[in-house]
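Terminal number for the sequence shown in the UniProt record's numbering: 386, no gaps in between.
Built from N, CA and C at the ideal position, the CB exists for glycine as well.
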Amino acid sequence: MNRYKIVSKIGEGTFSEVMKMRSLRDGNYYACKKMKQEFESIDQVNNLREIQALRRLGPHPNILLLHEVIFDQKSGCLALICELMDMNIYELIRGRRYPLSENKIKNYMYQLCKSLDHIHRNGIFHRDVKPENILIKKDMLKLGDFGSCRSVYSKQPYTEYISTRWYRAPECLLTDGYYSYKMDIWSAGCVFFEIISLRPLFPGSNEVDQISKIHEIIGTPTQSTLRKFKQSRAMNFDFPFKKGTGLSHHVPGVSPQSLALMYAMIEYDPDGRISAKQALQHSYFRDIRVQEKKTTVHRKTGGAETSGTVGTNYLWNVARHTQKQKNPPARNRGPTFPVELPKLTVPVAAKLASYPNTTIQSFFPTQEERLPLLKAMKYIETSTKV
1 MNRYKIVSKI
11 GEGTFSEVMK
21 MRSLRDGNYY
31 ACKKMKQEFE
41 SIDQVNNLRE
51 IQALRRLGPH
61 PNILLLHEVI
71 FDQKSGCLAL
81 ICELMDMNIY
91 ELIRGRRYPL
101 SENKIKNYMY
111 QLCKSLDHIH
121 RNGIFHRDVK
131 PENILIKKDM
141 LKLGDFGSCR
151 SVYSKQPYTE
161 YISTRWYRAP
171 ECLLTDGYYS
181 YKMDIWSAGC
191 VFFEIISLRP
201 LFPGSNEVDQ
211 ISKIHEIIGT
221 PTQSTLRKFK
231 QSRAMNFDFP
241 FKKGTGLSHH
251 VPGVSPQSLA
261 LMYAMIEYDP
271 DGRISAKQAL
281 QHSYFRDIRV
291 QEKKTTVHRK
301 TGGAETSGTV
311 GTNYLWNVAR
321 HTQKQKNPPA
331 RNRGPTFPVE
341 LPKLTVPVAA
351 KLASYPNTTI
361 QSFFPTQEER
371 LPLLKAMKYI
381 ETSTKV
């Protein structure tokens with residue numbers, strides 16, 4: 001860490017603290033996420049899901065970029081050096097008296113759906129989508145904190161008490177860990193409401209109250225839906241009937257398209273809940289898709305890029321300038337067997353060194369059913385405590 005200077009402390013969580021750092025090499029500012037847990041070996045570091053996921057998913061314009069990993073073998077300290085963002089969504093709306101403009105909300109939600117579509121297509125689901133983990137810098141939005149992520153192909157049941165309660169999907173509350181990537185969509189729908197209204201949608205004080213808060217707004221689910229949940233948890237499902245107040249009562253004046261998308265994202269039954277890919281094609285985002293198409297045509301005809309565009313081509317252009325990518329992200333159809341996130345297989349050494357050219361094999365098949373080689377993350381040796 002002697003190549004970075006601490007500027008200020010950004011925040012602290014249960015498992016890590018985040019600091020603003022200035023690089024003594026290039027003078028740029030970065031976010032340093034220092035883990036509170038001590039690690040014994042590089043193998044243990046390799047198995048950290050957050051590192052695996054950020055390697056697998058980046059670079060992408062809506063995923064927080066991991067620059068390097070610093071591990072001090074003597075002290076066991078581990079730090080992730082990431083790009084520095086301005087704030088998170090919670091900080092953006094906290095104490096705000098007036099709502100954001102509809103265009104800004106739409107652009108943020110489009111980018112959030114882009115990030116979820118990308119991670120789900122790459123076989124990963126986040127499991128902790130909430131305002132604090134959604135970062136922004138000017139008009140750019142990026143999903144961060146992948147410490148709770150899992151492979152969509154890993155075997156159920158998963159951890160029961162995952163994600164922050166207010167953003168926890170019904171299947172996470174009512175089953176013994178039998179949920180899927182659709183939980184991310186529910187959480188994003190809750191964030192959507194919060195960005196519009198500046199207050200949480202379902203602020204439950206405990207699990208029972210959380211379920212009650214959900215039923216108060218969207219109503220008690222049908223018996224056929226509840227039967228799906230009953231199969232995997234021994235609990236009382238004798239919920240009192242509630243019609244539900246509906247969303248429009250809590251966010252008056254919003255467009256019918258935004259309400260329709262919100263309802264689709266917080267559909268009680270995960271089988272009927274919209275996917276991120278489907279959400280991107282929703283009528284709510286029609287004007288962004290039109291602008292995206294115009295930008296594509298403009299580029300093909302040799303015209304200049306339209307400033308301020310948040311479409312795919314513009315966002316990918318930003319990502320390419322941030323970090324070169326030799327191979328585009330694989331659009332895989334998914335393996336036919338359960339797998340976990342890909343593991344780094346950098347050889348263990350007495351002294352850690354940088355492995356800029358080492359390649360390792362991914363466990364996510366491509367469309368051609370081959371296992372692609374991925375560039376290994378740089379591990380920087382440090383002689384001083386992180």
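Subject >> For alanine 264 and phenylalanine 285, the rounded distance between their alpha carbons >> reply: Taking the sequence shown and counting its residues from 1, the one referred to as residue 285 is at position 285. Taking the sequence shown and counting its residues from 1, the one referred to as residue 264 is at position 264. Taking the CA atoms as reference points, phenylalanine 285 sits about 14 Å from alanine 264.
**OP:** Less than 8 Å between the CB atoms is what I'm expecting for glutamate 194 and isoleucine 274, so what's the real figure, rounded?
**Re:** Position 194 of the sequence shown, counting from 1, holds the residue named residue 194. Position 274 of the sequence shown, counting from 1, holds the residue named residue 274. Approximately 18 Å separates the beta-carbon atoms of glutamate 194 and isoleucine 274; this is outside 8 Å, ruling out the contact.
Original post:
Is alanine 79 helix, strand or coil by DSSP?
Top reply: Working through the sequence shown from its first residue, we reach residue 79 at position 79. Here DSSP, grouped into helix, strand and coil, assigns alanine 79 to strand.
Original post:
Under a three-way DSSP split, which group does tyrosine 268 fall into?
Top reply: Locating residue 268 in the sequence shown gives position 268, where the first residue counts as 1. In this structure, DSSP gives tyrosine 268 a state outside helix and strand, which the three-state scheme calls coil.
Original post:
Can you tell me whether DSSP reads glycine 274 as helix, strand or coil?
Top reply: The sequence position of residue 274 within the sequence shown is 274, counting from 1. The displayed chain sequence assigns isoleucine, not glycine, to residue 274. Note: isoleucine 274 maps to coil in three-state DSSP.
Original post:
Helix or strand or just coil, what does DSSP make of lysine 74?
Top reply: Here residue 74 refers to the residue found at position 74 of the sequence shown. Reduced to three states, the DSSP call for lysine 74 is coil.
**OP:** Could you tell me the distance, in whole angstroms, from the CA atom of alanine 276 to the CA atom of aspartate 117?
**Re:** Indexing the sequence shown from 1 puts residue 276 at position 276. Indexing the sequence shown from 1 puts residue 117 at position 117. Looking at the two C-alpha atoms, the distance is approximately 5 Å.
Original post:
Would you call the CB atoms of cysteine 190 and leucine 173 closer than 8 Å?
Top reply: On the sequence shown, position 190 is the one that residue 190 refers to. On the sequence shown, position 173 is the one that residue 173 refers to. Not a contact, by the Cβ cut-off of 8 Å.
**OP:** Compute the beta-carbon to beta-carbon distance between leucine 65 and glutamate 50, rounded to the nearest angstrom, for a pair I have assumed lies under 8 Å.
**Re:** Position 65 of the sequence shown, counting from 1, holds the residue named residue 65. Position 50 of the sequence shown, counting from 1, holds the residue named residue 50. Here leucine 65 is actually not in contact with glutamate 50; their C-beta atoms are around 13 Å apart, not less than 8 Å.
Original post:
Considering only the beta carbon of each residue, do tryptophan 186 and isoleucine 89 sit closer than 8 Å?
Top reply: Within the sequence shown, numbered from 1, the residue matching residue 186 stands at position 186. Within the sequence shown, numbered from 1, the residue matching residue 89 stands at position 89. Going by C-beta atoms, tryptophan 186 is not nearer than 8 Å to isoleucine 89.
Original post:
Between lysine 243 and the rest of its own chain, which residues show a CB-CB distance below 7 Å, the 5 nearest in sequence each way excluded?
Top reply: Numbered from its first residue, the sequence shown carries residue 243 at position 243. Closer than 7 Å at Cβ, skipping near neighbours: Gly219.
Subject >> For leucine 24: DSSP bridge partner residues >> reply: Your numbering for residue 24 matches position 24 in the sequence shown. For leucine 24, which the question treats as bridged, DSSP gives no partner whatsoever.
Original post:
CA-CA distance, methionine 19 and lysine 5?
Top reply: Along the sequence shown, one-based indexing puts residue 19 at 19. Along the sequence shown, one-based indexing puts residue 5 at 5. In a straight line, the C-alpha of methionine 19 is about 10 Å away from that of lysine 5.
Subject >> Cα-Cα separation between isoleucine 214 and glycine 177, rounded to whole angstroms >> reply: The count along the sequence shown starts at 1 and reaches residue 214 at position 214. The count along the sequence shown starts at 1 and reaches residue 177 at position 177. Taken atom to atom, the span from the alpha-carbon of isoleucine 214 to that of glycine 177 is near 19 Å.
Original post:
Helix or strand or just coil, what does DSSP make of tyrosine 108?
Top reply: Position 108 of the sequence shown, counted from the start, is the residue given in the question as residue 108. Of the three classes helix, strand and coil, the one that applies to tyrosine 108 here is helix, per DSSP.
**OP:** Leaving aside the five residues before and after aspartate 128 along the sequence, list all residues of the same chain whose C-beta is less than 6 Å from its C-beta, in chain order.
**Re:** Counted from its first residue, the sequence shown places residue 128 at position 128. Here the set comprises Ser148 and Ser163.
Subject >> Buried or exposed by the 16-neighbour rule on C-beta atoms within 10 Å, applied to asparagine 122 >> reply: On the sequence shown, position 122 is the one that residue 122 refers to. Counting Cβ neighbours within 10 Å, asparagine 122 comes out buried, since at least 16 surround it.
Original post:
Using the C-alpha atoms, what's the distance from glutamine 257 back to asparagine 283?
Top reply: Walking along the sequence shown from the start, residue 283 turns up at place 283. Walking along the sequence shown from the start, residue 257 turns up at place 257. What sits at residue 283 in the sequence shown is serine, not asparagine. A straight line joining the alpha-carbon of serine 283 with that of glutamine 257 spans about 6 Å.
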